[in-house]
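Okay, structure first, notes after.
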Amino acid sequence: MAQMRESPLDFITGLARRYGDITRHRADGDTVYLLNRPEYAKHVLKDNGANYTKEGTPDDAMLRPLLGNGLLTSNGADWARQRHLTAPAFRPTAVRTFDTIVTDATTAMLERWRPSVASGAPVEVDEQLTALTLGILTHAILGADIDGIGEGFARAVDAVNRCIGHYVPDPDPDPADTARRFTDFGRARVFLNTVTRTLIASRRAGGSGGGAGGNLLDTMMSTDHLVSDEDLRDQVLTIVMAGHETTAKSLTWTLYLLDRHPEELAKVREEVDRVLGGRPPTAADLQDLPACRRAIQEAMRLYPPVWLISRRAAGPDTIGGYHVEPGTLVCVSQWVLHRHPDHWDAPDAYRPDRFDGAALPSHLYLPFGGGDRICVGQHFAMLEAVLVLATLLQSVRLELVEGFPVEPEALVTLRPKHGMTMIARPR
Numbered sequence: 003m004a005q006m007r008e009s010p011l012d013f014i015t016g017l018a019r020r021y022g023d024i025t026r027h028r029a030d031g032d033t034v035y036l037l038n039r040p041e042y043a044k045h046v047l048k049d050n051g052a053n054y055t056k057e058g059t060p061d062d063a064m065l066r067p068l069l070g071n072g073l074l075t076s077n078g079a080d081w082a083r084q085r086h087l088t089a090p091a092f093r094p095t096a097v098r099t100f101d102t103i104v105t106d107a108t109t110a111m112l113e114r115w116r117p118s119v120a121s122g123a124p125v126e127v128d129e130q131l132t133a134l135t136l137g138i139l140t141h142a143i144l145g146a147d148i149d150g151i152g153e154g155f156a157r158a159v160d161a162v163n164r165c166i167g168h169y170v171p172d173p174d175p176d177p178a179d180t181a182r183r184f185t186d187f188g189r190a191r192v193f194l195n196t197v198t199r200t201l202i203a204s205r206r207a208g209g210s211g212g213g214a215g216g217n218l219l220d221t222m223m224s225t226d227h228l229v230s231d232e233d234l235r236d237q238v239l240t241i242v243m244a245g246h247e248t249t250a251k252s253l254t255w256t257l258y259l260l261d262r263h264p265e266e267l268a269k270v271r272e273e274v275d276r277v278l279g280g281r282p283p284t285a286a287d288l289q290d291l292p293a294c295r296r297a298i299q300e301a302m303r304l305y306p307p308v309w310l311i312s313r314r315a316a317g318p319d320t321i322g323g324y325h326v327e328p329g330t331l332v333c334v335s336q337w338v339l340h341r342h343p344d345h346w347d348a349p350d351a352y353r354p355d356r357f358d359g360a361a362l363p364s365h366l367y368l369p370f371g372g373g374d375r376i377c378v379g380q381h382f383a384m385l386e387a388v389l390v391l392a393t394l395l396q397s398v399r400l401e402l403v404e405g406f407p408v409e410p411e412a413l414v415t416l417r418p419k420h421g422m423t424m425i426a427r428p429r
């Protein structure tokens, strides 16, 4: 399993190429199936989803030490209760009211970039977008302002990713490196817990608006729900961690791909200029910005923020003619599925127009997961990403620094291993 540790994307791609659309192998004492067809993914995530749990999966092992029993890690009745509580805050009608928060924050970031734009100094786009999406999420969903700690939060998230997203086989070939990662993780966890508990305490001290008309944190703290302090901590940290990191990565990869494909960038900029005429975008403009949306959708196909979904079989099953014993680990990789040559024309090419509205097979495209546990924040994420992209392209053109290495790294999310350093040119 050394290759899984060093190069997980190459490992799972190699399995699919050598053994086809369903592979069975042993890893660290587990029987593991890797499923590479949309109908298999649909079976596990939706049609027979009740037979497959996140409990005891690599996903669970990675996330639970930090997030506790939050929406990403809980199961059964706990998950259903948490989903019911959080879903109203992320309905399309609710997230459309956040458009000004998104555009104001992006405009403020551009203002901070002004000296770099004027001088041609490089911008660490990945870090900047992580801080941006963090601030937007906490303001919109939690009603909190975290100005001044966004960059520290981003560094803590990096430390968490390096530890919990890093596969360590048994025996560990580099115990010293693992020890360093866990030390960094411990510090990051203390920082993230402190920030989360401070957000909650601040909201308590200021008084909440209750469940009616308030934000999600108000709702969770209202007497109608009586969420404990520990539950609040788990839910708030889960929403913050899951809700900002994935969107930041989607935007980072989109900007990179548009720079590498000037003909696609030209389509998006033409649309932005024609539809907006220099004014800030609003939620009402989303239907008129399909090129922006497609540019992001195609980036999430090639570089899915979540690159692997794992479930454990609770009972026996049959998939693709293979018998699945209880306890078997079953995985679906968006990285593999999104590049399957049987389902995508020129699968490695960046072609946003493939998302022109034509129907795709169910569970072929899974940037937000699938089944009942599909990401609760998907509508917010797409609104945010489209509005940020349109606002950026009105003011600047982002160009990768010449010779800068770009390499995807599969940790908790799919990240650019070396960051994304770009020059922001004035339009």
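Residue numbers (the working numbering): 3 to 429.
Cβ atoms here follow ideal geometry from the backbone N, Cα and C, with glycine treated the same way.
Quantities reported herein were computed from a predicted structural model and do not represent experimental measurements.
Run of the alpha helix (DSSP H) containing Ala315, from where it starts to where it stops: Taking the sequence shown and counting its residues from 1, the one referred to as residue 315 is at position 313. First-last for Ala315: 311-315, but that is the beta strand (DSSP E), not the alpha helix (DSSP H).
Helix, strand or coil at Pro369 according to DSSP, with G and I counted as helix: Residue 369 sits at position 367 when you count from the first residue of the sequence shown. Coil, per DSSP.
Burial state of Ile14 (16 or more Cβ within 10 Å): The sequence position of residue 14 within the sequence shown is 12, counting from 1. Counting Cβ neighbours within 10 Å, Ile14 comes out buried, since at least 16 surround it.
With 16 other Cβ atoms within 10 Å as the buried cut-off, status of Tyr21: On the sequence shown, position 19 is the one that residue 21 refers to. Label assigned to Tyr21: exposed.
6 Å CB neighbourhood of Leu368 in its chain, flanking five on each side removed: As a working note, residue 368 is residue 366 in the sequence shown. Correct list, in chain order: Gln336.
Beta carbon of Leu194 nearer than 7 Å to that of Ala158: Here residue 194 refers to the residue found at position 192 of the sequence shown. Here residue 158 refers to the residue found at position 156 of the sequence shown. Leu194 is a Cβ neighbour of Ala158, given a cutoff of 7 Å.
Beta-carbon proximity check, Ala107 vs Pro283, cutoff 7 Å: Stepping through the sequence shown from its first residue, residue 107 is reached at position 105. Stepping through the sequence shown from its first residue, residue 283 is reached at position 281. No. Outside cutoff.
Three-state secondary structure assigned by DSSP to Val332: Along the sequence shown, one-based indexing puts residue 332 at 330. In this structure, DSSP gives Val332 an extended state, which the three-state scheme calls strand.
For Gly211, three-class secondary structure by DSSP: Position 209 of the sequence shown, counted from the first residue, corresponds to residue 211. For Gly211, the predicted model reports a pLDDT of 47, less than 50, meaning its position is unreliable; a value from the coordinates is still stated below. Gly211: coil per DSSP, three-state reduction.
CA nearest to the CA of Leu435, picked from Thr240, Cys294, Asp233, Asp12: With the chain running from 3 to 429 in the structure shown, residue 435 is simply not present.
Buried or exposed (CB count within 10 angstroms, at least 16 for buried), Thr102: Position 100 of the sequence shown, counting from 1, holds the residue named residue 102. Thr102 is classed as exposed because its beta carbon has fewer than 16 other beta carbons within 10 Å across all chains shown.
Helix, strand or coil at Asp319 [DSSP, three-state]: Counted from its first residue, the sequence shown places residue 319 at position 317. Strand, per DSSP.
Ala387 beta carbon less than 7 Å from that of Leu218: On the sequence shown, residue 218 is found 216 positions in, with the first residue counted as 1. On the sequence shown, residue 387 is found 385 positions in, with the first residue counted as 1. No; because the gap between Cβ atoms is not below 7 Å, this pair is not in contact.
Residue of Pro124, Arg66, Arg429, Ala79 minimising C-alpha distance to Gly280: Translated into positions along the sequence shown, residue 280 becomes position 278. Selected option, being the one with the closest Cα: Arg429.
Buried versus exposed call for His45 [16 or more other C-beta atoms within 10 Å across all chains shown]: Taking the sequence shown and counting its residues from 1, the one referred to as residue 45 is at position 43. Classification for His45: buried.
Unbroken beta strand (DSSP E) run spanning His342, endpoints: As a first step, residue 342 is located in the sequence shown; it is residue number 340 there, counting from the start. No beta strand (DSSP E) contains His342, which DSSP labels as neither H nor E.
Identity of the residue in Leu416, Arg399, Leu385, Val408 nearest Ala96 by Cα: For the purposes of this step, residue 96 is taken as the residue at position 94 of the sequence shown. Checking every option, the nearest Cα to that of Ala96 belongs to Leu385.
Residue range of the unbroken beta strand (DSSP E) whose run includes Thr33: Here residue 33 refers to the residue found at position 31 when the sequence shown is read from its first residue. Counting along the chain, the beta strand (DSSP E) containing Thr33 begins and ends at 32-37.
Straight-line Cα distance separating Phe155 from Gly58: Position 56 of the sequence shown, counted from the start, is the residue given in the question as residue 58. Position 153 of the sequence shown, counted from the start, is the residue given in the question as residue 155. In a straight line, the C-alpha of Gly58 is about 28 Å away from that of Phe155.
Burial state of Ala214, where buried means 16 or more other Cβ atoms lie within 10 Å: Taking the first residue of the sequence shown as 1, we reach residue 214 at position 212. With a pLDDT of 43 at Ala214, under the threshold of 50, the predicted position of this residue should be treated as unreliable, though the coordinate-derived value follows. When all chains shown are included, Ala214 counts as exposed.
Coil, strand or helix - Arg429 by DSSP: Locating residue 429 in the sequence shown gives position 427, counting from the first residue. Annotated three-state conformation of Arg429 is coil, per DSSP.
Inter-residue CB distance, Ala412 and Trp255 (contact presumed, cutoff 8 Å): Here residue 412 corresponds to residue number 410 of the sequence shown, with the count starting at 1. Here residue 255 corresponds to residue number 253 of the sequence shown, with the count starting at 1. Between Trp255 and Ala412 the Cβ distance is about 13 Å, and since that is not below 8 Å, they are no contact.
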